[in-house]
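Accompanying notes for the structure given below.
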Amino acid sequence: MCGIVGYIGKQEAVPILIEGLKRLEYRGYDSAGIAILENGCLHFEKTAGKIAVLEEQLKGKIFRATTGIAHTRWATHGVPNDLNAHPHLDCTGKIAVVHNGIIENFRGLKGFLEKRGHIFKSDTDTEIICHLVEEYYDGNIVEAVRTAMSQVTGTYGIAVLSLDEPGVVVAARHGSPLVIGQGDGETFVASDLSAILGHTKRVAYLEDMELAKITTDGFEISTIENVPVTRELQEISWTLDMIEKGGYQHFMIKEIFEQPVTIRNALRGRLNFNEGTSRLNGLNLQFDELRHINRIIITACGTSWHAGLIGEYLIEEYARIPVEVEYASEFRYRSPIINDGTVVFAVSQSGETADTLAALREAKRKGATVLGICNVVGSTIARDSDGGVYIHAGPEIGVASTKAFTSQIAVLSLITILLARMRNMSTDEGVRLLEALNNVPEQAEALLEKDKEIKELAAKYSSAENFLYLGRGLNFPVALEGALKLKEISYIHAEGYPAAEMKHGPIALIDDRMPVVVIAVKDAVYDKVISNIEEIRARRGRVIAIATEGDIRIRYLVDDVIYVPHTIPFVSPLINIIPLQLLAYHMAVMRGCPVDQPRNLAKSVTVE
Ligand code: G6P
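Counting from 47, one number per residue, gives the positions in the sequence shown under our numbering.
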């Protein structure tokens, strides 16, 4: 989704801004642009397409500007073309704005501004911001932005430049994240840490309804209502190599291969074998409060929603607490019932997904205790929650989530054990589950060695146009996630179903051109899943089974088998998803798809 980078300092701004934009490419975008101040001129270049096209346009133009703002756009209002790309300028060409988010009252404001004589060049909602700032500009760009932003409703993260005040970049936020980075005699602003991590690790996040005056020496934050805010800088621990490919062809495959380490990181320091429970101090809940929980709602989007479904199966089965899993986009408008004892978990890799954030705020408003399960430290959801658990997966760059998914499941497993041990689970059972979790990184490592075999299998099926994924119980959400991975990155149509549900519709689709991936590991429903496989075979469907090592019998029933290590059901989703991630990845590569940045998708969906 849209990305912002801004710079003010003593170095040449253009290379810093372009490099920053490239670090944001993974978020998904369709156009890019840049505005800089130099020798009393405001220059801008913008274009539909990739950053490489923008670079091409900048070639041969020597800029020595030390102040600038830049943007990658993911279209919401107006098609992705050169005119709609950011930055946008006011009528005088002296004020430039880049914007993430959506201005909801832009039509009304546009009418008002047109009556005042402003001329609009694009179809975007963003352009009204430039004209509003121009309307209120009276020699002080910070105050003009403040007045302008107090008139808009919707979401925004913006950076603004004014030719008349070259020593200042103004940033403001409501709903779209912005982080300020402090260097030595230079200051950065970005929508995502990765854009500035190569330059500084000392950062401060803007909160909603705040505005920052950014100069070479630092920044001053105040609220939109002009109340000064003191914000300490924090030191970030992520490093630059963590956001680079490290020899892999794509971020996605690098991230799939990181899972033994990232799952270990999610568990680190949290396994209490002595007492057969887990330690999750970040939840900020006392023993009594944890015991008092009588209902859990998990809210999330996309892959995180699938992790939530696995959480539901785990918590209900082991801790015996009723759980509902809600799409955040539905939850936020549903007037959810929140009672005393209801806890809401918001699961989000980025911690910035607009719907999940809104769902969390809705739950909070209704009196629920809200807890975040996030990856990005300091993200909005993490900050807005009463407590939570970081998954510690490190930066996830591939748009299709992989390592964050398994880390989310690992954390939900720890929460399950914690809650279950306060209820009816024995110490021995707690220890048994902890041991199983603790073995997962090693088992994942062994499974990843089958990458070559899975790649060969991918070659056999990569020309298929439809896929079904089936699983039961805990492996039903795994089937959903396997199907989502495939459709996201290879554009093959894929659907996940509970295996037995196939009879109620999808079976009509099965013929000899329909590959069906069936998770058929040795668990309580194994025999039932085998019956489902027979039903597919009877209709000449092609079956790829995910089966437990040593299950010889299944080989004779299906076309292909990927064997996974034996696990207890509690941890089986953590293992079973890995071959499905690899299968999707290889098929997408074989089909020539841009795996890390699939068309139309964004890493972090910061608009509704
Ligand atoms: C986007 C991404 C998905 C992700 C979802 C939720 O759709 O493409 O990979 O699962 O957002 O994101 P979150 O950051 O809240 O987990």
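Just so you know, even glycine gets a beta-carbon here, dropped at the ideal spot from N, CA and C.
Can you tell me whether residue i sits near ligand 1, meaning its C-beta is under 8 Å from at least one heavy atom of the ligand?
i             : result
glycine 397   : yes
lysine 649    : yes
serine 375    : no
threonine 388 : no
threonine 426 : no
threonine 402 : yes
serine 222    : no
serine 431    : no
threonine 118 : no
glycine 348   : yes
glutamate 301 : no
alanine 446   : yes
serine 394    : yes
alanine 409   : no
alanine 450   : yes
glutamate 534 : yes
Between residue i and the rest of its own chain, which residues show a CB-CB distance below 7 Å, the 5 nearest in sequence each way excluded?
i                 : result
leucine 67        : Gly49, Val51, Ala78, Ile97, Ala116, Thr118
valine 575        : Arg518, Ala545, Val564, Ala566
leucine 286       : Leu243, Gly244
tyrosine 572      : Ala566
phenylalanine 319 : Val477, Leu480
aspartate 254     : Arg219, His220, Gly221
glutamate 91      : Gly79, Ile80, Leu100, Gln103, Leu104
Please classify residue i as buried or exposed, where buried requires at least 16 neighbouring CB atoms within 10 angstroms.
i                 : result
valine 273        : exposed
asparagine 578    : buried
proline 619       : buried
histidine 632     : buried
threonine 426     : buried
alanine 87        : In the sequence as displayed, the identity of residue 87 is cysteine instead of alanine. Per the 10 Å Cβ criterion, exposed.
aspartate 474     : exposed
valine 125        : exposed
isoleucine 149    : buried
asparagine 646    : exposed
alanine 466       : buried
glutamine 228     : buried
histidine 550     : exposed
arginine 219      : buried
asparagine 521    : buried
arginine 337      : exposed
proline 61        : exposed
isoleucine 463    : buried
phenylalanine 333 : exposed
Can you list, in chain order, the residues of its chain with a C-beta nearer than 8 Å to that of residue i? Leave out the 5 residues immediately preceding and following it.
i              : result
glutamate 58   : Phe109, Arg110, Ala111, Thr112
methionine 560 : Ala510, Asn512, Phe513, Leu514, Gly587, Arg588
arginine 472   : What sits at residue 472 in the sequence shown is serine, not arginine. Result list for serine 472: Gly322, in chain order.
alanine 456    : Ile309, Ala312, Leu313, Ile437, Leu483, Val486, Leu620
arginine 316   : Ser324, Arg325, Leu326, Leu460
glutamate 266  : Ala258, Lys259, Pro274
isoleucine 165 : Cys137
Taking DSSP's pairing of strands, which residues face residue i in a bridge?
i              : result
tyrosine 373   : Ala346
leucine 417    : Phe391, Gly433
glutamine 228  : Thr233
alanine 78     : Thr93, Thr118
threonine 269  : Glu256
asparagine 512 : His539
glutamate 84   : Cys87
glutamine 280  : Val249
leucine 135    : Ala142
alanine 456    : DSSP lists no partner for alanine 456.
serine 381     : DSSP output for serine 381 lists no bridge partner at all.
proline 274    : Ser268
For residue i, which residues from the same chain have a beta carbon less than 6 Å from its beta carbon, with the 5 sequence-adjacent residues on both sides left out?
i           : result
alanine 405 : Thr345, Ala374, Phe377, Arg378
glycine 543 : This sequence places tyrosine at residue 543; glycine is not what is there. Leu516, Pro552, listed in sequence order.
*Is it true that the stretch 140 to 156 meets the stretch 196 to 210, where meeting means three or more beta-carbon pairs spaced less than 8 Å apart?*
At 8 Å Cβ cutoff, the stretches touch.
*Is the stretch 619 to 627 touching the stretch 446 to 460 in the sense that three or more CB pairs, one from each, lie closer than 8 Å?*
Yes, the stretch 446 to 460 is in contact with the stretch 619 to 627.
*the stretch 50 to 57 in contact with the stretch 231 to 246 per 3-pair CB rule at 8 Å*: Taking a cut-off of 8 Å on C-beta distances, the stretch 50 to 57 touches the stretch 231 to 246, as three or more cross pairs fall below it.
*Three or more C-beta pairs below 8 Å linking the stretch 475 to 487 and the stretch 295 to 311*: Output reads yes: the stretch 295 to 311 touches the stretch 475 to 487.
*Please determine if the stretch 347 to 366 and the stretch 489 to 501 are in contact, where contact requires at least 3 C-beta pairs separated by less than 8 Å.*
At 8 Å Cβ cutoff, the stretches do not touch.
*Indicate whether the contact test is met: 3 or more Cβ pairs, each with one atom in the stretch 396 to 403 and one in the stretch 358 to 370, closer than 8 Å.*
With a cut-off of 8 Å on Cβ pairs, the stretch 396 to 403 is not in contact with the stretch 358 to 370, counting fewer than three such pairs.
_Pairs of beta-carbons, one from the stretch 580 to 599 and one from the stretch 632 to 643, closer than 8 Å: are there three or more?_
Contact fails: fewer than three Cβ-Cβ distances are below 8 Å.
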